[in-house]
Structure formats: C-alpha cells, structure tokens
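Chains A and B are the protein sequences, given in the same order. Oh and the first sequence: position 667 is 670 in the numbering used here, straight run, nothing missing. Oh and the second sequence: position 117 is 119 in the numbering used here, straight run, nothing missing. Just below is one structure, and these are the notes that go with it.
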Amino acid sequence: MRLPSGGRIDRGKPLRFTFDGRAYSGVAGDTLASALLANGVHLLGRSFKYHRPRGLLSAGAEEPNALVELDCGPGRREPNTRATMVPLVEGLTARSQNRFPSLRLDLAAAASLFGPLLPAGFYYKTFLGPGREAWHRRWEPLIRRMAGLGRAPEAPDPDRYAHRYAHCETLVIGAGRAGIAAALAAAEAGDRVILCDEQPELGGRRLLSAGEVPGLAALRANPRVTLLPRTTAFHYGLQNFVSLAEILDRPDGLRERLWQVRAVRVVLATGALERPLPFRDNDRPGVMLADAARAYAARWAVLPGRQAVLLAAHDSGYEAAFALQEAGARIAAILDLRAAPPLADTARARGIEVRAAHGIAATRGGVRVSGVLAAPLRPDGSPDAARATPISCDLVLMAGGWTPNLALFSQARGKLRWDAAADAFLPGEVAEALTCTGACATGRGPGHPVAAIAAGALTARHAFVDPQNDVTTRDIALAVQEGFRAIEHVKRYTTTGMATDQGKVGGMLGLATAAAASGRTVPETGHTTFRPPYTPVSFGTLAGRHRGPLFDPIRTPPSHEWAEARGAVFEPVGQWQRARAYPQAGEALREAVARECLAVRQQAGLLDASTLGKIEITGPDAAELLERCYVNAVHSLRPGRCRYALLLREDGFLFDDGVLARLAEDRFHLTTTTGGAAHVLHLLEDYAQTEFPELRAWLTSTTEHWGVAALQGPAAREMLAPLVRGCDLAALPHMAVTEAEVAGIPARLFRVSFTGEPGYEINVPSDRLPALWEALIDAGATPYGTDAMHVLRAEKGYVIVGQETDGTVTPLDLGLGWAIGKGKRDFIGKRSLARAEMQRPDRRQLVGLAPLDGRLPEEGAQLLATSGARVAEGHVTSAYASAALGKPIALGLLAGGRARHGETVQATRLDCPRQPLLVVPPVFWDPEGKRLHG
Amino acid sequence: MAQRFSFLTLAREALRGHAGWHPHWRSPERPQPAYDVVILGGGGHGLATAYYLAKEHKPGRIAVLEKGWIGGGNTGRNTTIIRSNYLFPESAALYDHAVQLWEGLSAELNYNVMFSPRGVLMLAHSEHDVQSFKRHVHANRLAGVDNEWLTPAECKEFCPPLDIGAHIRYPVLGGALQRRGGIARHDAVAWGYARAASALGVDIIENCEVTGIARDPRSGAVTGVETSKGHVGCGKLGVVAAGSTSLVMVMAGLRMPLESFPLQALVSEPVKPVFPCVAMSNTIHAYISQSDKGELVIGAGTDQYTSYSQAGNVQILEHTLEAICEIFPIFRRMRMLRAWGGIVDVTPDRSPIIGRTPVPGLYVNCGWGTGGFKATPGSGHVFAATIARGEPHPIAAPFSLDRFVTGRVIDEAAAAAVMH
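As structure tokens, then:
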C-alpha cells in the first residue's frame with residue numbers, strides 16, 4: 004500500500020510496468036520490489052528445491068527470494084535478477100521464475116509433499132540404480148529439470164560493456180554515514196577519492212530519513228572526488244587492486260562498466276546485514292527483515308503490511324516497528340526472544356503489546372502470512388507450541404541482530420575475529436592498507452546471542468536458514484549428525500550459503516546452527532571463505548569490449564590488402580591472418596595450390612614471410628649469448644653469413660628454429676617461427692637477464708619492422724637482379740646476407756630457401772613492402788600462400804616446428820644433428836640430450852612416407868608395423884598432394900625410422916582400416932641439393 | 003560397516019525423522035601411535051588410495067592425515083571434467099583406467115557421485131588444432147579409447163549454445179568428442195571414498211598437519227611423521243598433497259620437479275538446463291559445463307606466476323569470460339556467482355608422478371596439474387597397488403619420478419594443441 008506522503012520517490016512521474024503479464028504502475032524512484040509491494044503483490048518467486056512461495060525478505064543486495072526474469076527485448080533477457088536492485092523504468096517487463104504453470108499455482112510445489120524424503124544430501128544416498136547408467140539416463144535429467152532458477156538468454160546480447168582503470172589515494176566502499184565521513188576526511192586531506200555504493204542513491208541507512216544526505220553536497224563539489232552510485236565493489240585483489248561493477252543501463256546500449264581501481268588506501272564502510280530468525284515457516288511471503296520493512300516505508304512510502312508482528316532479538320527491531328507504526332501500520336505484538344527487552348517499556352508506552360521470552364511456534368497463511376502462533380520459550384530456547392496463542396497479522400518482522408558485512412575484508416585476506424561482546428565476527432589482522440569503519444567494523448550492538456537463537460530452533464520444522472536453497476535448521480543438524488563437522492563440509496553438504504546471495508542472509512545463522520548442533524561455540528566452528536564476487540557480476544562486464552575482432556588483436560602482413568583485393572584465401576596462424584593461396588577465377592583451392600607450387604618449381608614464386616619472428620641481437624657479447632642458447636656454433640659464423648639455427652628447451656627437445664644471420668661482429672638478425680616469436684624473445688631475455696646478466700647483449704623484437712618478401716624458384720635471381728643495386732647477386736652464395744637496395748628500397752637481402760629452390764628473402768621496412776611486392780609481381784613472380792609453402796618445404800624434407808615436432812622431438816630425431824656445434828661447452832638442453840632415453844636407436848625419427856595405394860594419407864595417422872598391430876610406432880606428421888612429383892607424399896616420425904627405409908608400414912585411417920606406406924628418405928625433391936646452390 | 007544407502011533406507015529414515023543416520027566416515031580426534039601405511043593428504047586421490055589399499059591389499063592399519071578438512075583442496079575446487087582421450091598410450095591407459103572405474107563408482111562406493119557421461123567436446127580453432135586433434139583421434143581409436151572427429155555443424159548439433167559462425171575471432175573448425183567423458187559431483191567423490199574407506203577400518207584424521215618426516219638414521223627409511231597431533235609412526239608413507247607436495251617432500255630431503263600455480267574457476271547463477279555437454283577450448287582457454295544444480299561451471303587458466311596463494315588474479319577471470327562470451331555469446335548476460343582458486347602442482351612434462359622415491363618407504367603421487375580430478379579413481383587404484391607391492395603398478399610404471407633423469411618423459415602438453 005502506497006502511503007500518501009513521504010519517501011524518496013517522485014509521485015509526479017508514474018511509470019508503467021508488467022509482472023507475469025499483468026500491468027501495474029509505480030513511480031520514479033521505485034525499485035521493482037517497492038513498486039510490486041505498492042501494488043499489493045507479495046508473492047514474487049518460488050524456492051529452488053521445494054518450490055515454496057516466496058516474497059520479499061529484504062530491500063537490498065542480499066535479497067534471496069525475489070529473483071525475477073527481466074525481458075528488455077531480443078537478446079536482453081536476464082535471469083535471476085533481484086527485484087530489490089532494479090530501478091523501475093517505463094515499460095519494464097518482469098516475470099517470475101522456476102514455476103509451472105504459474106507462480107500462484109506451481110505444480111512443482113508438490114515436491115514439498117515429499118519433503119521428508121528430500122533432506123540435505125538425499126541425492127547422495129539414492130538414484131543408485133537400477134543398472135549402471137541409471138543416474139545419467141534416468142534420474143539426472145529429472146533432477147536437472149527441477150533445478151536451476153531462471154532461464155538462460157536465448158540470443159546474443161546486443162549491449163556493450165566498458166572497462167576503465169583508475170588510480171586514487173583513497174577508495175571508499177559504501178556510502179553510508181561512515182563512508183561519507185571517510186570520503187570527506189580523505190578529500191579534505193587532498194586525496195583523490197573514489198566513493199562507490201551499490202545503491203542508485205548514496206546515503207546508506209541515512210536514506211531511511213527524509214532530506215538531503217549530509218556531506219554529499221560537499222563531496223559532489225570536490226573535483227578530486229568521484230562518486231559512483233549503482234557500483235558494486237565485487238573483487239578485492241592483491242595490493243588494493245579492487246574491481247567495481249558499475250551499472251549504467253544507458254540508452255545508447257552501454258550497459259555496465261568494469262572499474263579496476265588501484266588504491267593507496269581502501270576504506271570499507273560496508274555496514275552490517277540484518278539476520279533473519281529461524282522458526283517454523285519463516286519463509287512465507289510477508290515475513291520480512293524488520294529493517295527492510297522500515298526501508299520500504301521510509302524510502303519508497305510503501306507499507307508492506309497493515310498489521311505487523313515483530314519477532315525481536317535486537318533493539319533495532321523496535322526502531323523499525325515504531326517507524327512502521329508512525330507510518331500507519333498497526334503493531335499487533337512484539338515478541339522478544341530476550342527475557343528483559345530494554346525497549347519493552349518504550350513500546351508499551353506506544354500502546355504495543357510486548358511479550359518477553361517469546362518466540363514464534365509457526366506462521367499461518369498460504370501465499371501470504373495471515374498470522375503467527377506466539378509461544379513462550381522453553382528453557383532450551385525453543386518455542387513451546389503447546390502454550391502458543393494465535394495473533395493475526397499480514398506482516399512478520401524479523402530482527403535477528405546484525406552481521407558486520409566483511410565479505411570484501413575477507414577477500415582481502417583479512418582475518419575475522421570473534422568478538423563475544425559484539426556477538427559477531429569483527430575485522431582482525433589484514434595485510435593490505437585497508438581500514439574498516441562504521442557498522443562493518445563494530446557491528447550494531449549485541450542482541451540475543453546468535454548461538455542461543457540457533458540452539459532454540461534446532462528441532463523446528465521448516466525453519467529456513469538459507470531460504471533460496473531451502474536449507475533448514477534441521478538440514479544443518481542432520482549434516483552434523485552425519486559427521487559433517489567442518490563448516491565448509493556443512494556448507495557443501497547442505498548447500499547453505501551457496502545460493503545467489505552467497506550466504507549474506509543466512510550465513511551467520513547457518514554457522515551458529517552448525518555450532519549448536521555439534522555442541523561447539525561459534526568461533527570454534529569457524530566461518531566459510533568469502534569468495535568473490537561480492538554480488539553476481541555479468542559475464543559481459545568482465546569480458547568488456549573483447550569480442551569479435553577485439554577478442555585478440557588481428558595481425559596482418561604488409562601485403563594483406565593486396566592479397567585481399569585479389570581474392571586470396573586466408574588462414575589464422577596465431578594472431579596472424581596469412582594468405583593461404585591466391586585462387587584465380589574459377590580455380591578451386593586445391594588447383595590454386597598446385598599451380599602455385601609448380602610456379603615456384605619452374606619459375607619463381609613470391610611469399611609474404613613477414614610474419615616470421617625477427618629479433619635483432621646487438622652488443623659485444625651478442626655472439627656469446629647466442630652461443631650459450633642456440634645449439635649452433637655461433638662464434639665461427641662470419642659476418643655476412645647465415646646459419647639454420649635450433650633452439651632447444653632445457654629438456655633437450657626442439658623449441659624453435661630459424662635463420663641466424665651475422666650482420667657484423669656485434670650484430671645478429673635472428674628469425675623465429677611465426678608462432679614462436681614472442682616465446683623465443685621471452686626465453687632469450689629470461690636467460691640474458693637471469694642466467695647471464697654479465698653479458699653485454701641486447702635483444703630487440705623487429706618482427707613488425709621488417710616486411711619480408713620471399714622470392715623462390717629457379718628464375719628468382721633473373722627476376723631480382725634488375726631491381727638490385729649495391730650487390731652482385733651472382734656472388735651471393737646460399738646462406739648469405741648483404742645490404743642492398745631493391746626496387747629503390749634499402750633492404751637486408753638474404754639468400755635462403757624454404758623450398759629447395761634458389762631463393763631470396765628480401766627484408767625492407769614494413770611500410771615499403773607493398774611497393775617491393777608490386778615490383779616483384781611486375782617482374783613476373785607468382786604469388787603463393789602458406790599451403791604451397793607447406794607442400795614445397797615438405798617435398799624438400801624441411802620440418803615445421805609444431806608440425807613435425809610436438810615437444811618430444813630432438814634435433815637428432817629430425818636428422819638435424821649436423822646443426823649442433825661440435826665441441827660446444829654448453830647450450831640450452833645440452834645436458835638433457837645426453838640422457839639415456841635420448842640416445843636410444845628406436846627413437847621416433849623423421850622419415851618420408853610414400854603411399855603405395857596412391858591415396859593421400861591422413862595427417863595424425865598412427866603408423867603400425869603390420870595392419871593387425873595395436874601399438875603405434877609413429878605417426879604421419881604432414882601429408883600433401885605434390886604437384887611437382889605428381890603423387891601424394893608424407894612425412895612422419897617412425898621408431899628407428901632412419902634404418903627402415905624400404906620397409907612398408909601401415910597407417911590408420913578414419914575412413915577405412917589401414918593404408919600401406921613405403922618408408923623412404925624424407926627428401927623427395929632434389930635430394931642432392933643441386934638446385935639450391937645453382 | 004556403514005549403513006547401506008538406498009531409496010529404501012532413505013524412505014525408512016524419512017518415517018522416523020532421519021534420526022538413524024550415522025556419520026558418513028569416522029573422524030577420530032587423535033591418530034593411533036602407529037600405522038602400517040599413512041597416506042598424507044585427504045583429497046580424492048589420497049582417500050581413493052586408502053580405500054583401494056584397504057579393499058584390495060589389506061596391508062594392516064591405514065590412516066589418512068589431512069591438514070584441513072577432507073576434499074578441501076583441488077578435489078573441491080576443480081571443474082570436474084572427466085575424459086581419457088589423451089595422446090600417448092601411457093596416459094590413455096591411466097586415464098581410461100580411471101574412466102572405467104568412474105563408470106561403476108557410485109555402485110562400488112554405495113554413494114551417488116553423480117558421474118554423468120555427457121560427452122566432452124574439444125574445439126579446434128586453427129589448422130594446427132585440427133591436425134593435433136585428428137592425431138588424438140587416430141591414437142585413441144587404436145588404443146581402444148573412444149574419440150571421434152566432428153565437423154563444425156556436428157559440434158553445433160551436439161552443443162547448441164556454440165557459435166560456429168565465421169565472424170568470431172577464432173572460428174570453430176571442428177571438434178574431438180569423447181562421449182564417455184563427462185562430469186561428476188566432486189565433493190561426493192571425497193566423501194564417498196572416505197565413507198567406504200572408513201567402513202574398511204581406515205582412520206581419517208582431519209585438522210592434522212604434518213610438520214616433519216621421521217627417518218631411520220641408518221637406512222634413511224621413513225619411520226613416521228610429526229604432526230600437529232603428535233608423532234605418528236608408519237611403515238610406509240604415501241604423499242598425495244597436490245599443490246603442497248613440494249613443501250612436504252622437502253621434509254624428507256627431496257626436491258621435487260614441481261611448480262605450483264594458482265588455477266581459478268567460477269560458476270554462474272543457476273539456470274534451467276541449457277548446456278548439455280562439456281566443451282573445452284585449449285586455444286582460447288574456455289572450459290564449460292552445467293552442473294546438476296544449474297550453474298555453468300567454468301574453468302580458467304593458471305596465473306602466469308608461481309604462487310601458493312589461492313587468491314587468483316581477476317585478469318584471468320576476465321580472459322576466461324571473454325573466451326566464453328566469444329564462443330557462447332548467449333551467455334553474456336549471465337552472471338558470475340562465485341569464483342575461487344586452487345593450487346595446482348605442475349611437472350615439466352605436464353604428466354603426473356606416481357611411484358617410489360629415493361627414500362625407502364616413501365611414495366608419492368603428485369603433479370596432476372590442471373587435470374587431476376578425472377584420474378581420481380585410477381590414480382588411487384594404481385597408487386595403492388604401488389604402495390602395497392613396493393613396486394609400480396604396470397599402469398603407473400611409466401609415470402616414475404626418475405623419468406626426468408632418464409628423459410623418458412610423457413609430454414601431453416606438447417601434444418595438446420597448445421602453441422609452443
């Protein structure tokens with residue numbers, strides 16, 4: 004019922020909304036929860052397990068019951084949203100969840116009838132048969148349909164999310180009285196201050212009073228202060244790195260923003276959370292936290308009931324009752340668990356009946372409470388139902404005392420200490436620069452001890468501790484009876500504290516119940532770990548703008564636009580997009596690759612090799628650093644010459660390969676594989692900085708600086724020569740490097756080959772590569788892509804790290820032992836190569852494989868000695884249709900393979916049993932190497 | 003003997019207010035002065051070891067010593083993915099041994115561990131992935147382990163929330179599916195083994211931290227452990243301490259080839275069934291399934307730096323959810339409910355260590371890295387045999403500690419489609 008006056012709402016701005024298809028209206032300033040209450044809607048949800056009717060328990064972020072589905076159009080459906088945290092907007096569409104066919108008539112509530120069969124952990128004891136797959140086939144699908152709350156969205160979310168990073172001297176979390184005071188003090192001291200609060204309006208419990216919140220105006224006026232309403236600090240990382248989720252819901256589609264704040268100091272002013280009380284059927288709609296009812300009346304001018312009963316364990320309940328009385332509700336009675344309630348006389352003076360040492364034996368009603376059975380307490384603290392008297396009411400207020408809200412403190416690895424006087428866990432030691440202030444530091448004064456409250460409710464039926472997960476005091480007592488004594492075990496066995504409120508409502512009560520059931524004190528029982536996030540955070544908020552092309556940077560080589568314009572087919576290689584082939588009109592990919600291969604073998608082809616990693620190593624000790632890392636003899640490499648270089652891991656297995664070129668005594672140009680570029684640089688830096696800090700050698704990544712055109716083929720020199728100035732190409736031998744000008748562009752010109760044909764890799768500044776590329780195309784070169792590159796190198800028996808190797812392959816396995824510098828004192832992996840296993844003659848060695856049936860082998864196929872064998876002796880690493888040879892070829896690793904040339908092995912296939920392959924040397928094309936040096 | 007769990011006993015107890023249930027396992031406050039075998043570490047692997055020791059080998063008195071509460075380490079912190087489609091025959095044999103035990107585990111333990119073979123789909127996003135996964139399929143089929151290759155359309159059919167469009171950054175090029183793979187209820191595995199082991203006489207001592215390892219001064223053999231609850235003598239000691247293994251083994255003078263990293267996971271708020279299988283993408287680091295309760299269970303990667311702090315880095319969670327939202331874009335409006343970390347112990351070849359050590363009487367089972375849960379029954383089974391017989395079980399033999407000396411490593415990480 005909406006009150007005629009008061010509240011922090013704007014009665015002049017009505018807003019229409021629907022809930023379960025029915026139209027209602029509220030006003031600006033309402034939450035969905037307050038607007039529904041104002042319309043007399045008290046049944047808002049169904050519980051997880053028993054589908055019991057549920058209404059609002061709280062008015063804030065801890066709400067466990069009033070979870071609804073919001074629907075803001077296609078892709079904007081959102082499950083499990085707390086109605087208490089949704090500011091009402093025009094046209095809001097909300098639906099209840101987890102009910103069939105309707106909220107009022109939920110057939111699944113029949114589960115309650117079987118309640119006695121479904122205590123905590125029942126599912127561990129049954130569904131064991133019939134048959135082995137009974138759980139998976141028969142029972143699990145049933146359980147799954149019953150479980151879950153809302154429905155997942157069905158379409159991709161069209162909204163946007165942003166990320167922002169911030170630094171400040173003081174981050175204050177919680178904008179109640181204490182938080183505002185802390186922010187003011189810090190701002191006055193000159194700090195940059197960020198003050199955040201999960202509520203749309205800053206002020207905390209000060210919002211229970213009318214008028215401007217003191218101190219806010221001063222904060223707003225201070226340019227050093229950033230105020231963030233609707234912003235929840237949800238993750239507390241090391242060194243005061245705190246993550247905040249800001250809800251924006253902007254009309255332009257910016258929905259939420261993640262703030263990541265590094266603060267010199269953090270002030271937690273997170274207040275305290277009111278505890279519910281355990282009694283029979285304490286979950287009926289209309290049973291509410293006392294302070295929440297007060298908030299509905301004060302902030303939103305909604306009376307949640309006309310006739311209320313307060314069950315009090317703490318004086319704060321009286322304040323709530325008095326406030327509601329002043330707002331027009333009748334307080335039918337105050338039942339106080341305490342024998343001598345301090346405020347009893349004050350209440351009586353207001354005409355309210357107070358019964359000390361009383362509790363509630365049960366509530367009455369259907370989908371809304373209609374009364375309670377008030378009962379005097381027995382010596383053990385339980386209500387004596389035999390002496391109970393009924394009291395009619397439509398609202399039951401629970402004032403169970405207060406739990407300091409220390410979730411973030413605990414996330415910051417702060418220790419909680421039990422304070423008997425405060426009857427609460429209070430902040431203890433913490434390593435971060437973090438202080439707690441206000442109610443989270445001190446609590447809000449003791450009431451009836453929580454241990455006594457729990458002890459009095461151990462045997463009550465349907466006394467809910469975790470209302471969303473339907474965990475009762477009896478469930479917890481049963482868990483303890485069954486030996487689950489550690490509080491984490493109790494939590495996991497009963498699921499208490501694991502609902503979407505993460506134990507904010509029932510955590511303390513649950514732990515007190517476990518303590519009472521096991522005959523221990525609360526501090527002996529301990530508390531569960533507070534895990535991030537403080538309240539649930541959208542996946543989208545954390546993912547931010549990292550979607551599609553921004554998920555991971557796309558890198559393109561300098562010829563990319565040229566290739567795109569000519570209809571090239573691309574493939575991702577790590578972050579790079581590389582041209583796979585350049586099909587001509589009407590040409591299939593396979594045909595294009597064959598044509599490109601033949602062009603290289605017969606004329607000359609042009610590959611953009613810019614993606615290769617490139618590292619410049621300089622300094623007087625550059626050669627020494629490389630000598631200690633790579634397997635090759637580096638000191639003996641003369642300036643102007645190149646070497647095929649291998650880098651191992653410490654375990655002796657091949658890590659990367661490339662070409663090492665010595666430009667000068669103290670300067671090297673090193674290439675790496677495309678995928679290995681960053682890893683190689685990282686590894687070399689690691690050694691340079693940690694193992695060999697005495698060496699004067701410096702590493703610079705030049706991958707992006709050099710564009711690389713690889714011109715390969717018998718006609719390469721002929722095509723290139725007219726473009727070159729400053730170098731005699733004919734005098735440049737294989738594996739040499741020189742400076743030159745190519746097509747008018749200063750270049751590092753390498754004579755190297757990854758095809759078996761004579762070839763050049765021309766390095767020019769990346770932005771000049773397109774010009775060079777066009778010049779070489781004009782000179783008659785055929786562009787070829789990565790597919791042709793793979794075929795060409797395999798024909799020649801050149802390996803690709805990551806394809807022929809998988810981290811279990813040594814240079815000797817690949818027949819590359821010649822690359823290892825003789826007599827070297829050390830290099831990375833040298834000692835490992837000397838291990839017994841690395842010397843075995845039956846290690847898997849690189850071989851060529853010629854299909855005897857003419858079919859292309861499957862890459863990854865296992866190699867068997869006979870078609871009936873079950874133990875693999877190797878596998879096919881690469882397989883291609885070779886246009887130059889007119890037949891399929893393959894490379895593989897085969898146990899003792901080098902000694903098995905001429906043998907026939909069987910390869911597995913997915914489409915038929917086996918395929919016979921002839922073991923041959925791995926070099927199919929020009930085994931003598933005549934072309935290369937030609 | 004433990005009470006028999008069944009629908010009938012549940013119904014009978016329901017009639018009398020569940021007054022007759024006993025503790026699932028005995029948890030003696032103090033250990034006995036000595037045991038024949040002490041298992042150090044009350045996680046799934048340690049409890050399974052104790053269970054199979056007691057059931058199949060009967061070496062005498064057995065105790066499990068646990069620093070905190072059982073199942074509180076990685077057993078209770080992982081994303082429960084179970085599969086056996088590993089590349090190398092040694093690994094496939096070990097993990098498939100486990101899958102075969104999983105298939106009968108609820109009945110074996112008389113405890114519903116909720117093993118749910120929903121199928122594990124590993125997604126390929128590059129030609130390199132495709133080559134690698136097809137190699138796995140070939141190898142697995144030869145070894146008798148089920149694994150099949152799916153086209154992108156078949157992946158989508160098996161896992162409807164998957165986006166197989168070309169517009170995503172790393173489009174799905176196919177997937178390897180193991181239908182026998184799935185998930186299980188992790189806590190129940192620890193409790194089920196504890197209950198069954200306890201019923202066979204195993205003492206499970208919680209809140210008992212080991213502070214030292216006692217050895218015979220002449221032979222060097224293990225004679226017992228010093229604990230927060232006093233000296234406990236033992237004939238054989240099996241260390242199964244996951245992320246803390248290196249700290250424990252140092253007490254016996256052994257430096258282990260292990261690095262410990264925080265590994266994080268998270269769950270969403272619970273929703274009605276929407277995700278029917280397990281999907282994994284090594285390339286973009288996304289691992290997801292839906293629990294019986296309805297939560298999306300999502301695995302993240304490890305932090306870049308070694309640490310014993312279970313608080314992980316928020317950037318890792320960001321990265322993981324970017325990946326999840328990228329290939330399952332309908333989940334962008336779902337919310338993260340809870341995130342946590344565990345400490346995983348990683349070996350140089352990413353395969354576990356199971357077996358003897360240079361110290362007589364001391365056995366170790368560790369190095370499971372990010373994927374130990376799936377192996378729990380198999381790991382316990384072969385480790386129990388190894389301890390009882392004093393020599394490696396044939397399936398455990400390749401996973402010896404000395405393989406890092408001989409070089410006969412089993413590098414599954416190299417074989418997985420993780421770019422090097």
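Beta carbons: idealized from backbone N, C-alpha and C, even for Gly.
Considering only DSSP beta bridges, list what residue i is partnered with.
i: Val-812/A; result: In the DSSP output, where bridge partners are listed per residue, Val-812/A has none listed.
i: Asp-339/A; result: Ala-315/A, Ala-359/A
i: Pro-430/A; result: Leu-419/A
i: Ile-300/B; result: Leu-268/B, Ile-290/B
i: Gln-918/A; result: Ala-910/A
Can you give the Cα-Cα distance for residue i and residue j, rounded to whole angstroms?
i: Ala-568/A; j: Ala-595/A; result: 16 Å
i: Thr-388/B; j: Gly-382/B; result: 10 Å
i: Gly-368/A; j: Leu-376/A; result: 11 Å
i: Glu-432/A; j: Thr-438/A; result: 10 Å
i: Ala-942/A; j: Tyr-27/A; result: Because residue 942/A is not part of the residues shown, which for chain A are 4 to 937, the question remains open.
i: Gln-578/A; j: Asp-555/A; result: 7 Å
i: Thr-789/A; j: Ala-584/A; result: 7 Å
i: Ala-419/B; j: Arg-137/B; result: With a pLDDT of 39 at Ala-419/B, under the threshold of 50, the predicted position of this residue should be treated as unreliable, though the coordinate-derived value follows. Distance between the alpha carbons of Ala-419/B and Arg-137/B: 11 Å.
i: Pro-470/A; j: Arg-340/B; result: 18 Å
i: Thr-285/B; j: Val-812/A; result: 22 Å
i: Phe-263/B; j: Ile-345/B; result: 5 Å
i: Thr-528/A; j: Ala-518/A; result: 6 Å
i: Leu-338/A; j: Leu-346/A; result: 12 Å
Does the distance from the C-beta atom of residue i to that of residue j stay below 7 Å?
i: Ala-1/A; j: Ala-62/A; result: No answer is possible for residue 1/A: it lies beyond the span of chain A, which begins at 4 and ends at 937.
i: Cys-161/B; j: Cys-279/B; result: yes
i: Leu-103/B; j: Val-115/B; result: no
i: Arg-699/A; j: Pro-642/A; result: no
i: Gly-877/A; j: Leu-897/A; result: yes
i: Pro-67/A; j: Val-508/A; result: yes
i: Ile-185/B; j: Ser-291/B; result: yes
i: Val-290/A; j: Val-370/A; result: no
i: Met-336/B; j: Pro-536/A; result: no
i: Val-196/A; j: Ala-190/A; result: yes
i: Arg-278/A; j: Gly-403/A; result: yes
i: Gly-450/A; j: Ala-316/A; result: yes
Would you please state the rounded distance, in angstroms, between the beta carbons of residue i and residue j? I believe it to be under 8 Å.
i: Ile-765/A; j: Ala-750/A; result: 5 Å
i: Gln-650/A; j: Asp-659/A; result: Looking at the sequence provided, one finds Leu at residue 650/A rather than Gln. Going by Cβ atoms, the distance from Leu-650/A to Asp-659/A rounds to 5 Å, so yes, they are a contact pair.
i: Glu-201/A; j: Arg-11/A; result: Not quite, the Cβ-Cβ distance comes to about 16 Å (not below 8 Å), so this is no contact.
i: Ala-910/A; j: Ala-868/A; result: That belief does not hold up - the Cβ atoms of Ala-910/A and Ala-868/A are roughly 12 Å apart, past 8 Å.
i: His-59/B; j: Ala-281/B; result: About 39 Å separates the two Cβ atoms, so there is no contact after all.
i: Pro-281/A; j: Leu-512/A; result: 6 Å
i: Ala-378/A; j: Ala-391/A; result: 4 Å
Query raised in the report: Per the contact definition of three or more C-beta pairs closer than 8 Å, is the region 248 to 257 of chain A in contact with the region 223 to 238 of chain A?
Result: The answer is yes - the region 248 to 257 of chain A touches the region 223 to 238 of chain A, with three or more Cβ pairs under 8 Å.
Requested in this report: Spell out a yes or no on whether the region 440 to 452 of chain A and the region 485 to 497 of chain A are touching, meaning 3 or more CB-CB pairs, one atom from each, closer than 8 Å.
Outcome: No, because fewer than three Cβ pairs between the region 440 to 452 of chain A and the region 485 to 497 of chain A fall closer than 8 Å, the two stretches do not touch.
Query - Given 8 Å, three or more beta-carbon pairs between the region 887 to 906 of chain A and the region 847 to 855 of chain A - result: The region 887 to 906 of chain A makes contact with the region 847 to 855 of chain A: 3 or more CB pairs, one atom from each, lie closer than 8 Å.
Query raised in the report: Are the region 256 to 275 of chain A and the region 179 to 193 of chain A touching by the rule of at least three beta carbon pairs closer than 8 Å?
Result: Output reads yes: the region 179 to 193 of chain A touches the region 256 to 275 of chain A.
Query raised in the report: For the region 13 to 30 of chain B against the region 40 to 47 of chain B, are there 3 or more C-beta pairs whose distance is under 8 Å?
Result: The region 13 to 30 of chain B, when compared against the region 40 to 47 of chain B, does not touch it at the 8 Å Cβ threshold.
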